[in-house]
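Chain order of the listed sequences is A and B. Going by my numbering, the first sequence opens with residue 230, and the numbers climb by one from there. Going by my numbering, the second sequence opens with residue 1476, and the numbers climb by one from there. Beta carbons: idealized from backbone N, C-alpha and C, even for Gly. First up is the structure itself, then whatever we jot down about it.
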Amino acid sequence: MRVLFFAQLKDVTGCDAIELAFPSPLNGEQLWARLAEQFPGLLAHRGNVRLARNWEYSDAQTQFADSDEVALIPPVSGG
Amino acid sequence: MEIEIELTHLPVAEKIFPPTTAGAHGAWVEFRGVVRGDEAGQPIAALEYEAYPEMAGREIRRLLESLAIEHPCLAARVIHRIGTITVGETAIYVGVASQHRGEALALVTKFMNRLKQDVPVWKRRAVPFAAPRPATGTATTDSIRSLDEAIAEIRTRCQPLPPVRVPLEAAPGRVLREPVCAPEDLPAHDRSTRDGYALQADDPAETFQVVDILHAVDWKPRTLKSGEAVRVATGAGLPCGGLRVVMQEDVERNGATIKIIRREAALNLRRRGEDVRAGELLVPAGRRLTAGQLALLAAAGCTQPLVNPRLRIRHFTTGDEIIPPDQVPQPGQVRDSNSSLIRGLLQPYPCDLVQSHIPENFAAAKQLITTLDPQPATFDLLLVSGGASVGEKDFTRPLLEWLGFETVFAQVEVRPGKPLIFGINDRRVAFGLPGNPLSHFVCFHFAVATALARIAGESGPQFLRGRLAAPLTEAANPRETLWPAHLAAADGELRLRPLPWASAGSVTCFAEANALLRVPADCASLGAGTGVDFLPAGGMLGA
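This is the structure in structure tokens:
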């Protein structure tokens, strides 16, 4: 799975993307746990960050599979 | 609803046309969000935007489609600019066409509210405004700029030169300064794409009377009756609407009649206006004209495009240790490579370049310049190689000030290339380039290229994203680094291989350098595969 970071989250992780490998799909809770192992600093942003799976916002039921592109979307400020 | 979405590093055109609605719209509502001159109460020079482009495009489309259920509209065009956008420039453009104004006005308002909640685009950081300071004679700490500040200041201070109309032959590589639209439908009428016979598309007859012959140049309108056919050549204008063309291989000809053996599903014609409709935009302003765009202008009859004038560039090299490249250096001497470097780097820009070597003595240099250029104000851009530091023989800054330039900054926190001087004299621009060849290369791509673009009416170079093809180690430096690299495409990605360089005097990396990758300050190493910003440096992706 490719996980992308944007805006201030890049400053937290020091990179704009990582590869994660895992055998079976994860729910959002499990994905956050995996990410927090590697980047504990992300947890401080969790309340504001939405997860996107394959270019669409996820919801509580979304399962994240190994082949997905996942993005952490902090509050947006376009326009 | 017809929807067009663009995320772009380029400036948004001054004039934008609605997507075609076949004349059905009575309202075309446009909104532009522009970068304000202050952020949180502080004056700024520019804002940097970042996007998740794949998702942003989808999200914009999803919002427009869902809002159009409540507010039916005919067409929408959204352009969001990303990268560094200077104050006053358009960050977002929304244009919506509808039958009556109410729906389009409502849709634009609601769309902007939703965009600010859901579309993954971020204002990444503000580039603070640094007010121009009066020249003080020597470099002081307040004339130092960060890389972003320097680029934003060059963008802001360099003004586009007044445009001129030139014949198409003189236009390659110039920047188009007005949008060019189609004067008529292209093609102008339905045209055959086959050698064959034109007949009514729904005529069930099997044999036809051949009533005329049309060649590619012919224009003979007539209405075909049932059982009538016209012999047509490829490219011939068809005599009326509602026809199909049967290939000559699919008929048996017998004197003045034909019998159809086979009817393809395809009509074998190009429709009037299928390429472009009269009035539609062909090439927006602000583009450096390519061969294809020149062909398009010719096809549209635009033979005198409005473009930037041919640039007049003056280049002085300094340094008494510099000898012409055809001589053998004595101890302490080096061959002049900067003249060739500058000439080569200016290749993509239509310009008249005059190069001279001046002595490393302020009084003697002034005397020589007075002799060479009795009227020094006849250039648009002045480049001085060497003498940019603050050593006792480094007189570039006083020289520029003697020539009437205000020093905007005299150092940039970047390596190599820190002692870069930027001066402005009305519309004329000057750079004092640090003498080492690699510093020249770096300063040209982030600073001189930005100025060249701005005075020609373009947005200027933008950092792009790529990935490291190999790890970068021992890079730690308190300054940002623009590191020479070789850029290549592999597995659908842009990959950058850092090239070795020992000092700003290194020249061997020029053999392969076609990009400069941006290494943050105090960054000791970056692993292979890390995403990096880079500037293309000639070769791939243009200069």
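Is any beta-carbon of chain A found at less than 8 Å from that of L2016 of chain B? Taking the first residue of the second sequence as position 1, residue 2016 of chain B is located at position 541. Low local confidence applies: a pLDDT of 47 at L2016 of chain B is under 50, so the model's placement there is unreliable, and no value is given.
For chain A, is any of its Cβ atoms less than 8 Å away from the one on K1490 of chain B? Start at 1 with the first residue of the second sequence, and residue 1490 of chain B comes out as number 15. Output row for K1490 of chain B: interface = no.
Does the contact criterion of 3 or more C-beta pairs under 8 Å hold for the segment 1700-1710 of chain B versus the segment 1671-1679 of chain B? yes
For chain C, check one thing: does any of its Cβ atoms lie closer than 8 Å to the Cβ of L233 of chain A? No chain C is present in this structure, whose protein chains are A and B.
Backbone CA spacing between L1957 of chain B and P1891 of chain B [nearest angstrom]: In the second sequence, the residue the question calls residue 1957 of chain B occupies position 482. In the second sequence, the residue the question calls residue 1891 of chain B occupies position 416. Between L1957 of chain B and P1891 of chain B, the C-alpha separation is close to 7 Å.
Which stretch, first to last residue, makes up the beta strand (DSSP E) that contains P1518 of chain B? Residue mapping note: residue 1518 of chain B aligns to position 43 of the second sequence, counting from 1. Start and end: Q1517 to A1526.
Beta-carbon contacts of R1669 of chain B that lie in its chain and below 7 Å, excluding the five residues immediately before and after: Taking the second sequence and counting its residues from 1, the one referred to as residue 1669 of chain B is at position 194. T1709, V1720, M1722 and N1743.
For the 8 Å Cβ check, are there 3 or more pairs between the segment 1788-1803 of chain B and the segment 1680-1694 of chain B? no
Which same chain residues end up closer than 6 Å to Q1779 of chain B when comparing Cβ atoms and leaving out the 5 residues on each side of it in sequence? If you number the second sequence from 1, residue 1779 of chain B lands on position 304. Taken in chain order, the residues that qualify are R1640.
Determine the DSSP secondary structure at G1819 of chain B, reduced to helix, strand or coil. As a first step, residue 1819 of chain B must be located in the second sequence, where it is residue number 344. Note: G1819 of chain B maps to helix in three-state DSSP.
Which residues of chain A have a Cβ atom closer than 7 Å to the Cβ of G1967 of chain B, listed in chain order? As a first step, residue 1967 of chain B is located in the second sequence; it is residue number 492 there, counting from the start. The premise fails here: G1967 of chain B is roughly 13 Å from chain A at the closest Cβ pair, so nothing lies under 7 Å.
Runs of alpha helix (DSSP H) wholly within the segment 1882-1964 of chain B (minimum 4 residues, chain order): 1912-1918 and 1924-1931
As assigned by DSSP and simplified to three states, the class of F235 of chain A: Position 6 of the first sequence, counting from 1, holds the residue named residue 235 of chain A. Correct three-state label for F235 of chain A: coil.
So which residues on chain B does A288 of chain A lean against when the C-beta distance must stay under 9 Å? Within the first sequence, residue 288 of chain A is the residue found at index 59, counting from 1. In the sequence on display, residue 288 of chain A carries Asp and not Ala. What D288 of chain A touches in chain B: nothing, since even the nearest Cβ is about 14 Å away.
CA-to-CA distance, A1526 of chain B to L1947 of chain B, given in whole angstroms: On the second sequence, residue 1947 of chain B is found 472 positions in, with the first residue counted as 1. On the second sequence, residue 1526 of chain B is found 51 positions in, with the first residue counted as 1. Going from the Cα of L1947 of chain B to the Cα of A1526 of chain B covers about 26 Å.
Leaving aside the five residues before and after T1678 of chain B along the sequence, list all residues of the same chain whose C-beta is less than 6 Å from its C-beta, in chain order. Reading the second sequence from its first residue, position 203 is the one you call residue 1678 of chain B. This sequence places Asp at residue 1678 of chain B; Thr is not what is there. Result list for D1678 of chain B: S1701, in chain order.
Does the structure place the segment 1962-1973 of chain B close enough to the segment 1987-2004 of chain B that three or more beta carbon pairs sit under 8 Å? yes
Could you please give me the residues that DSSP links to V1596 of chain B through a beta bridge? Your numbering for residue 1596 of chain B matches position 121 in the second sequence. Paired residue(s): B:A1526.
Taking the straight line between their C-alpha atoms, what separation do you get for G1712 of chain B and A1550 of chain B? As a working mapping, residue 1712 of chain B is identified with position 237 in the second sequence. As a working mapping, residue 1550 of chain B is identified with position 75 in the second sequence. Whole-angstrom Cα-Cα distance: 31 Å.
Restricting to Cα atoms, I'd like to know which of B:P1486, B:V1889, B:L1858 and B:L1913 is closest to L1651 of chain B. Here residue 1651 of chain B is taken as the residue at index 176 of the second sequence, counted from 1. Residue B:P1486 is the option with its Cα nearest to L1651 of chain B.
Is it buried or exposed for E1727 of chain B, if we count other Cβ within 10 angstroms and need 16 for buried? If you number the second sequence from 1, residue 1727 of chain B lands on position 252. Exposed.
Below 8 Å between beta carbons: does that hold for L301 of chain A and F234 of chain A? Position 72 of the first sequence holds residue 301 of chain A. Position 5 of the first sequence holds residue 234 of chain A. Going by C-beta atoms, L301 of chain A is nearer than 8 Å to F234 of chain A.
Span of the alpha helix (DSSP H) around L1828 of chain B: Looking up residue 1828 of chain B in the second sequence gives position 353. Looking at the DSSP string, L1828 of chain B is not in any alpha helix (DSSP H); the run it does join, the beta strand (DSSP E), is C1826 to H1832.
Do you know how far the Cα of G1935 of chain B is from the Cα of T1561 of chain B? Along the second sequence, read from residue 1 onward, the residue named residue 1561 of chain B stands at position 86. Along the second sequence, read from residue 1 onward, the residue named residue 1935 of chain B stands at position 460. Approximately 11 Å between the Cα atoms of the pair.
Could you tell me whether the segment 1529-1543 of chain B touches the segment 1573-1589 of chain B, using the rule of 3 or more Cβ pairs below 8 Å? yes
E1888 of chain B and S1618 of chain B: beta carbons closer than 8 Å? Indexing the second sequence from 1 puts residue 1888 of chain B at position 413. Indexing the second sequence from 1 puts residue 1618 of chain B at position 143. In this structure, S1618 of chain B does not lie closer than 8 Å to E1888 of chain B by Cβ.
Output the distance between the C-alpha atoms of R1785 of chain B and R1649 of chain B, rounded to the nearest integer angstrom. Numbered from 1 along the second sequence, position 310 holds the residue referred to as residue 1785 of chain B. Numbered from 1 along the second sequence, position 174 holds the residue referred to as residue 1649 of chain B. C-alpha separation (whole angstroms): 8 Å.
Spatial neighbours of I1478 of chain B within its chain, please: C-beta separation below 7 Å, excluding the five flanking residues on both sides. Against the second sequence, residue 1478 of chain B aligns to sequence position 3. Here the set comprises R1536, L1539 and A1551.
Is F1897 of chain B near the ligand MN, going by C-beta to nearest heavy atom under 7 Å? Absence of the ligand MN from the depicted structure is noted, as is the absence of any ligand whatsoever, leaving it without description.
Taking its Cβ as the centre, do 16 or more other Cβ atoms sit within 10 Å of I1736 of chain B, making it buried, or is it exposed? Taking the second sequence and counting its residues from 1, the one referred to as residue 1736 of chain B is at position 261. By the 10 Å Cβ count, I1736 of chain B comes out exposed.
Under a three-way DSSP split, which group does S1573 of chain B fall into? Residue 1573 of chain B sits at position 98 when you count from the first residue of the second sequence. Strand.
Between the C-alpha atoms of P1995 of chain B and A2003 of chain B, what's the straight-line distance to the nearest angstrom? The sequence position of residue 1995 of chain B within the second sequence is 520, counting from 1. The sequence position of residue 2003 of chain B within the second sequence is 528, counting from 1. For P1995 of chain B and A2003 of chain B, the distance between alpha carbons rounds to 16 Å.
Host beta strand (DSSP E) of A289 of chain A (start-end): The residue you call residue 289 of chain A lines up with position 60 of the first sequence. Segment: none, A289 of chain A is in no beta strand (DSSP E) and carries neither H nor E.
What are the start and end residues of each continuous alpha helix (DSSP H) run of 4 or more residues lying completely inside the segment 1619-1693 of chain B, in chain order? 1622-1632
Ignore the nearest five residues each way along the sequence and tell me which others in D1811 of chain B's own chain have a CB closer than 8 Å to its CB. Here residue 1811 of chain B is taken as the residue at index 336 of the second sequence, counted from 1. Closer than 8 Å at Cβ, skipping near neighbours: T1792, I1797, I1798, P1799, P1800 and H1832.
Three-state secondary structure (DSSP) of N1989 of chain B: In the second sequence, counting from the first residue as 1, residue 1989 of chain B sits at position 514. Coil.
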